[in-house]
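A.B. asks:
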Amino acid sequence: MTPSLPGLVLGLSASILSSACATAASPAKARPGGEQPATEVLFVRAERLIVRPGVELEGAQVVVRDGRIAAVGKDLAVPEGARELAAPYVCAAYLDPWGALGLAADARVDSATTAGTRAADGVDTYGNKELRLETLRAGVTCVRVQAGASARVSGLGAVLRVAPGLSPAEAILAAESALAMSVGLSANAPNQGPSFDFVDGQLVQRESSARGMDLFDRVGDIDRVVTAIEGGRSYLQSKIEHKHELAEWQKKITEKETELDKEFKKAKKDREKEEKDAKEKGKKFEEKKYKEDKRPQPPRYDEDNEVLGRVANGELPLVVQVHRTAELRGLLAATAKHDRLRLLVAGGSEAMNCSATLVERGVPVIVMPALVGEGAVDELDGADLTLAARLAKAGVEVLIGSGGGSAAASRDLPLLAQIAVGNGWTREAAFAALTVGAARALDVERSIGTVERGKSAELLLLEGEPLTNAGRVKYVISAGRVVLTPETK
Amino acid sequence: MFTILIASGLLAAAPERPLAIHADKARLADGKVLEDAWVVIEDGKISSVRSGGEAPEDSAVLRHTGWISSGLVALHAYAGTPRAELRDTTRTMLPEARIAWALDPARPEVADCLREGITSLLVTPARQSLVGGAGAVLKTAGGTIVSREAQLSLGFAAMSYVSNRYPTSFQAGLAELERLLEKPSGLLEKAKEGELPVLFEVSERSDVMRALAFAKQQELRGALSGAEWTGELAKSVKESGLSVVLPPIGLGEERRALRAVLSLAQEGVPFGFGLDAPLSHPASLRLAAALCVREGLAADQAWRALSSEAARIAGVEAQLGALAEGQQADVVLWSGDPLELTSSVQAVYVDGRRAYTAEGR
Chain G
10 MTPSLPGLVL GLSASILSSA CATAASPAKA RPGGEQPATE VLFVRAERLI
60 VRPGVELEGA QVVVRDGRIA AVGKDLAVPE GARELAAPYV CAAYLDPWGA
110 LGLAADARVD SATTAGTRAA DGVDTYGNKE LRLETLRAGV TCVRVQAGAS
160 ARVSGLGAVL RVAPGLSPAE AILAAESALA MSVGLSANAP NQGPSFDFVD
210 GQLVQRESSA RGMDLFDRVG DIDRVVTAIE GGRSYLQSKI EHKHELAEWQ
260 KKITEKETEL DKEFKKAKKD REKEEKDAKE KGKKFEEKKY KEDKRPQPPR
310 YDEDNEVLGR VANGELPLVV QVHRTAELRG LLAATAKHDR LRLLVAGGSE
360 AMNCSATLVE RGVPVIVMPA LVGEGAVDEL DGADLTLAAR LAKAGVEVLI
410 GSGGGSAAAS RDLPLLAQIA VGNGWTREAA FAALTVGAAR ALDVERSIGT
460 VERGKSAELL LLEGEPLTNA GRVKYVISAG RVVLTPETK
Chain P
223 MFTILIASGL LAAAPERPLA IHADKARLAD GKVLEDAWVV IEDGKISSVR
273 SGGEAPEDSA VLRHTGWISS GLVALHAYAG TPRAELRDTT RTMLPEARIA
323 WALDPARPEV ADCLREGITS LLVTPARQSL VGGAGAVLKT AGGTIVSREA
373 QLSLGFAAMS YVSNRYPTSF QAGLAELERL LEKPSGLLEK AKEGELPVLF
423 EVSERSDVMR ALAFAKQQEL RGALSGAEWT GELAKSVKES GLSVVLPPIG
473 LGEERRALRA VLSLAQEGVP FGFGLDAPLS HPASLRLAAA LCVREGLAAD
523 QAWRALSSEA ARIAGVEAQL GALAEGQQAD VVLWSGDPLE LTSSVQAVYV
573 DGRRAYTAEG R
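Protein sequences appear in the order of chains G and P. FYI, in the numbering used here the residues of the first sequence are 10 to 498. FYI, in the numbering used here the residues of the second sequence are 223 to 583.
Listed below in structure tokens is the structure:
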């Protein structure tokens, strides 16, 4: 019914490539729909500047140039020609570590994704303009998205900028951000047929009904995750072994060549003699074979294992959506020996039962403070709004995500965080989770998450303290541009 | 968060002594904020609300660091009844049915509502009937039924019609309703006389228009319930004199629905929030208000929709829904402003008795 992802991937990646080239070639133009020139210098005055959680400056300024934060401090001079903005509070913009905005709807619900599927290839920078503005108005400028959100293996995620009208190159902040998988998520009524929802105008199979499953399916799920990681690890090992074998082979070849060089005259004579003998006897002449001629073969290229190998090696985090104690415990036990693996749990409704292991292994949990009513997916039966607070109290690193189920959900990310605060968490921790915490967990801390020099300018100018009703968003700066003003409708 | 200072001799006078609660701030019925607030509770009722001064002599004093307000009133709830008893699968018209007969206050979803600061629920018949009978107002602690005949539910949405039972069309349905109201008896008569408000269950824009026309023709009063974008017809609704019960507004709600709520407020149409609990989480009541506030609804209006206006729509405004003298003592102690989602419920009093406390949670 919907076009398959591979087709989409081809089309989109081609367009991404071409526009990326265009932007690189002529940085001054080629921004379809961009309202502000990229070169505009911004001078932001803050009555209170939250540099990073716990570091605040009174009466500070921020200079934004070429999309980046060029200076942060007090008593900064206004650069010539700079556009001046002011607000009572200025802080880093929020990042949704578990969202869906910016991904084409059919890529999101693709059920044929594998580890090598890249969400960046399913990015749609044109849709949902209204929703994008609403999301900016809520203070969220970046979202981590995932193709195949309802598949067992969703593939490589991407961190996207939300602002409408950005070029694809600007819209994709990080094209490779964590591999995502899921375990569990059965339906309440496993025997009912598939049911469908309209998501952003697309008919998609509802996740809960797509996942009728029993205990063995769940155990099998964990096995699937572990087998995949182990497969990736052995692939990586064979790649490394091949590298060494190749080096060794090259060394041997060199040695042999030197040896042959040395005895070149004799070898030449021998060869000529052999050739002559063969001719006389009417035989076919065969060149002498050396055992060094056999070049070691690399492991067959496998795009899934390429990704899984990086995951097993800790180069990319692995986000696993898992809720119930049994599955989570199984997952933690089965992955324990992979000491380089950087695991993140998404959901974790019953994660409190494994909090000690999560702390010990340093596994963060992306909590969605879900307002679950009757009839939800049964994995969410254990969901509780106090989860974030309880996990944090137990020492687990807590992040807040909007669940990846709908593009509209990221807009309410700050409210989700506020709900968690209303249920026992601290506002400071919630703010940290929405900014630097999420950025760190997704390996984008170098570009976003705090108001520090050199980072991409993702800033909120607020009327009051963040995460309060008074803290309404006045201006939003993303990729160094003013993407939302009080006049934006 | 709060401490009870027990004066000597408390034990002897325990049941009769007034309880004086001091809070930093109070949200009053009109949404205004009172600083340095004293709320005195006597015999299950609020005997005074004032700013400053001292506690009345001989009262038990509770000092609360945070806010105090009346309990929240949730409209259109399904909590407190076995679900099967909210609807009848065979009969379309149940003009004499009363939800009060099916109420079971011990059901766990009622306590879930209490924990979120909701002290009264207007429990409503399911929307699958043409005439669903009377909703009832239930306290979330103590099991008191405040009103056994709060609203008469009339179905104007497509889901009120089922293909295998008569009537199967809007026109036939309207004709049946007209026939019933020609020589009304029982609850229908009360509705016709204006004693009992009518709850028009609607869903689409056309349902709203049909209900408005019917209300005008039959001179009925009451509220429209369940249509997200009712506010886009705010002018007509205002003319009709009907109120609006909003369907649950949750995360990911379209901005259009929120703008429509603002239109209602702008036009001066009274409205309250429906909950549908346990189908939706009880925390979604306050979330709905927060979403509207974020969209630009004034805080006092949002607060009224959660309390006094909702109580008025449920027809129990004389008894509850306001932090005011003479009202039943349903009060909530919050860690901060109840309109901030970051504020939490610290304690709930229903009819002057402590029904819930967050300590040790």
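For glycine and all other residues, C-beta sits at the position ideal for the given N, C-alpha and C. All figures in this text were calculated on a predicted structure; none of them were measured in a lab.
Can we count P/Glu562 as close to the ligand GTP, meaning its CB is less than 6 Å from some heavy atom?
C.D. replies: As for the ligand GTP, it is missing from this structure, which has no ligand bound.
A.B. asks: Using C-beta distances below 8 Å, list every residue in its chain close to G/Leu400, excluding the 5 sequence neighbours before and after it, in chain order.
C.D. replies: What you label residue 400 of chain G is simply residue 391 of the first sequence in a count that begins at 1. Correct list, in chain order: Gly357, Ala360, Met361, Ser364, Leu367, Val374, Val376, Val407.
A.B. asks: Identify whether G/Met361 lies in helix, strand or coil by the three-state DSSP scheme.
C.D. replies: What you label residue 361 of chain G is simply residue 352 of the first sequence in a count that begins at 1. Correct three-state label for G/Met361: helix.
A.B. asks: So which residues of chain G does P/Val515 contact, with C-beta pairs closer than 8 Å?
C.D. replies: By 1-based counting over the second sequence, the position of residue 515 of chain P is 293. Within chain G, the residues whose beta carbon sits less than 8 Å from that of P/Val515 are Asn478, listed in sequence order.
A.B. asks: Please determine, among P/Gly275, P/Lys361, P/Lys405, the residue with the shortest C-alpha to C-alpha distance to P/Val572.
C.D. replies: The sequence position of residue 572 of chain P within the second sequence is 350, counting from 1. Comparing Cα-Cα distances from P/Val572 to each of P/Gly275, P/Lys361, P/Lys405, the minimum goes to P/Lys361.
A.B. asks: Just verifying my parser: in three-state terms, what is the DSSP assignment at G/Pro41?
C.D. replies: What you label residue 41 of chain G is simply residue 32 of the first sequence in a count that begins at 1. Annotation note: pLDDT 44 at G/Pro41 (below 50); position unreliable, coordinate value reported separately. Three-state DSSP puts G/Pro41 in coil, outside helix and strand.
A.B. asks: Please list, in chain order, the chain G residues whose beta carbon lies closer than 9 Å to that of P/Arg526.
C.D. replies: Counted from its first residue, the second sequence places residue 526 of chain P at position 304. Neighbours of P/Arg526 on chain G: none; closest Cβ ~16 Å, over 9 Å.
A.B. asks: Relative to the alpha-carbon of G/Tyr98, which residue among G/Ile59, G/Glu369, G/Asp348, G/Ala379 has its alpha-carbon at the smallest distance?
C.D. replies: Reading the first sequence from its first residue, position 89 is the one you call residue 98 of chain G. For the residues G/Ile59, G/Glu369, G/Asp348, G/Ala379, the minimum Cα distance to G/Tyr98 belongs to G/Ile59.
A.B. asks: Can you list the beta strand (DSSP E) stretches of 3 or more residues lying completely in the region 392–449 of chain P, in chain order?
C.D. replies: 420–423, 444–447
A.B. asks: So if DSSP puts G/Asp105 in a beta bridge, which residue, or which two residues, is it bridged to?
C.D. replies: By one-based count along the first sequence, residue 105 of chain G stands at place 96. For G/Asp105, which the question treats as bridged, DSSP gives the partners G/Val152.
A.B. asks: Could you check the C-alpha separation between P/Arg305 and P/Gly354 for me, to the nearest Å?
C.D. replies: For the purposes of this step, residue 305 of chain P is taken as the residue at position 83 of the second sequence. For the purposes of this step, residue 354 of chain P is taken as the residue at position 132 of the second sequence. Near 14 Å, if we compare the C-alpha coordinates of P/Gly354 and P/Arg305.
A.B. asks: For the beta strand (DSSP E) that G/Val73 lies in, which residues bound it at each end?
C.D. replies: On the first sequence, position 64 is the one that residue 73 of chain G refers to. Note, G/Val73: beta strand (DSSP E), 64–74.
A.B. asks: Are the C-beta of P/Leu374 and some C-beta of chain G separated by less than 7 Å?
C.D. replies: Your numbering for residue 374 of chain P matches position 152 in the second sequence. Not one chain G Cβ lies under 7 Å of P/Leu374.
A.B. asks: Using Cβ-Cβ distances below 8 Å, what residues of the region 400–429 of chain G are close to chain P?
C.D. replies: Ser411, Ser415, Ala417, Ala418, Arg420, Asp421, Leu424, Leu425, Gln427, Ile428
A.B. asks: With DSSP run on the structure shown, which of helix, strand or coil describes G/Pro423?
C.D. replies: Here residue 423 of chain G refers to the residue found at position 414 of the first sequence. Helix, per DSSP.
A.B. asks: Measure the CB-CB distance between G/Arg77 and G/Leu51 and report whether it falls below 7 Å.
C.D. replies: Here residue 77 of chain G refers to the residue found at position 68 when the first sequence is read from its first residue. Here residue 51 of chain G refers to the residue found at position 42 when the first sequence is read from its first residue. It is not a contact, given that the beta carbons lie outside the stated cut-off.
A.B. asks: Report yes if the CB atom of G/Val192 is closer than 7 Å to the CB atom of G/Ile231, and no otherwise.
C.D. replies: For this step, residue 192 of chain G is matched to residue 183 along the first sequence. For this step, residue 231 of chain G is matched to residue 222 along the first sequence. Closer than 7 Å, so yes.
A.B. asks: Any contact between the region 556–567 of chain P and the region 419–434 of chain G? By contact I mean 3 or more CB pairs, one from each, below 8 Å.
C.D. replies: The region 556–567 of chain P is in contact with the region 419–434 of chain G.
A.B. asks: Which residue marks the beginning of the beta strand (DSSP E) containing P/Ser342, and which one marks its end?
C.D. replies: Against the second sequence, residue 342 of chain P aligns to sequence position 120. Note, P/Ser342: beta strand (DSSP E), 340–345.
A.B. asks: So what's G/Tyr484 in DSSP terms, helix, strand or just coil?
C.D. replies: One-based indexing of the first sequence puts residue 484 of chain G at position 475. In this structure, G/Tyr484 counts as strand in the three-state DSSP scheme.
A.B. asks: Which same chain residues, not among the five before or five after G/Glu139, have their C-beta less than 8 Å away from its C-beta?
C.D. replies: On the first sequence, residue 139 of chain G is found 130 positions in, with the first residue counted as 1. If we look at G/Glu139 and ignore the five residues flanking it on each side, it has no Cβ neighbours.
A.B. asks: Which residues does DSSP list as the beta-bridge partners of G/Ala183?
C.D. replies: Within the first sequence, numbered from 1, the residue matching residue 183 of chain G stands at position 174. G/Val168.
A.B. asks: Please state the DSSP three-state secondary structure of G/Ser299.
C.D. replies: Counting from 1 along the first sequence, the entry for residue 299 of chain G is found at position 290. It should be noted that the sequence gives Tyr, not Ser, for residue 299 of chain G. If DSSP states are grouped into helix, strand and coil, G/Tyr299 belongs with coil.
A.B. asks: Run through the DSSP bridge pairs and tell me what P/His244 is partnered with.
C.D. replies: Residue numbering aside, residue 244 of chain P sits at position 22 when the second sequence is read from its first letter. DSSP lists P/Trp260, P/Arg285 as partners of P/His244.
A.B. asks: I want to verify the contact list: residues of chain P whose CB lies under 8 Å from the CB of G/Val381, in sequence order.
C.D. replies: If you number the first sequence from 1, residue 381 of chain G lands on position 372. Within chain P, the residues near G/Val381 are His503.
A.B. asks: Does P/Gly474 come within less than 7 Å of chain G when only Cβ atoms are used?
C.D. replies: Position 252 of the second sequence holds residue 474 of chain P. With 7 Å as the cut-off, P/Gly474 counts as an interface residue toward chain G.
A.B. asks: CA-CA distance, G/Ala102 and G/Ile457?
C.D. replies: For the purposes of this step, residue 102 of chain G is identified with residue 93 of the first sequence, where counting begins at 1. For the purposes of this step, residue 457 of chain G is identified with residue 448 of the first sequence, where counting begins at 1. If I take the Cα positions, the gap works out to 8 Å.
A.B. asks: Rounding to the nearest angstrom, what Cα-Cα distance links G/Ala379 and P/Ser407 in this structure?
C.D. replies: Here residue 379 of chain G is taken as the residue at index 370 of the first sequence, counted from 1. Here residue 407 of chain P is taken as the residue at index 185 of the second sequence, counted from 1. Rounded to the nearest angstrom, the two C-alpha atoms are 46 Å apart.
A.B. asks: Which stretch, first to last residue, makes up the beta strand (DSSP E) that contains P/Thr579?
C.D. replies: Position 357 of the second sequence holds residue 579 of chain P. Unbroken beta strand (DSSP E) run through P/Thr579: 575–579.
A.B. asks: Here's a check: name, in chain order, each residue in its chain whose Cβ is nearer than 6 Å to the Cβ of G/Arg481, leaving out the five neighbours to either side.
C.D. replies: Translated into positions along the first sequence, residue 481 of chain G becomes position 472. Excluding positions up to five away in sequence, the list reads Glu472.
A.B. asks: Starting from the beta carbon of G/Arg436, find every residue of chain P whose beta carbon is closer than 8 Å, and list them in chain order.
C.D. replies: Translated into positions along the first sequence, residue 436 of chain G becomes position 427. Under the 8 Å cutoff, chain P gives Thr564.
A.B. asks: Let's see if you can read the secondary structure: which residues bound the alpha helix (DSSP H) around G/Glu268?
C.D. replies: Position 259 of the first sequence, counting from 1, holds the residue named residue 268 of chain G. That run of the alpha helix (DSSP H) goes 224–271.
A.B. asks: Assuming G/Val73 and G/Leu110 are in contact, meaning their beta carbons sit under 8 Å apart, how far apart are those beta carbons, in whole angstroms?
C.D. replies: Along the first sequence, read from residue 1 onward, the residue named residue 73 of chain G stands at position 64. Along the first sequence, read from residue 1 onward, the residue named residue 110 of chain G stands at position 101. Not a contact, Cβ separation roughly 24 Å.
A.B. asks: For G/Arg57, which three-state DSSP category applies?
C.D. replies: The count along the first sequence starts at 1 and reaches residue 57 of chain G at position 48. Strand.
A.B. asks: Checking the sheet assignment: what are the DSSP bridge partners for P/Met381?
C.D. replies: As a working note, residue 381 of chain P is residue 159 in the second sequence. Paired residue(s): none; P/Met381 is not in a bridge.
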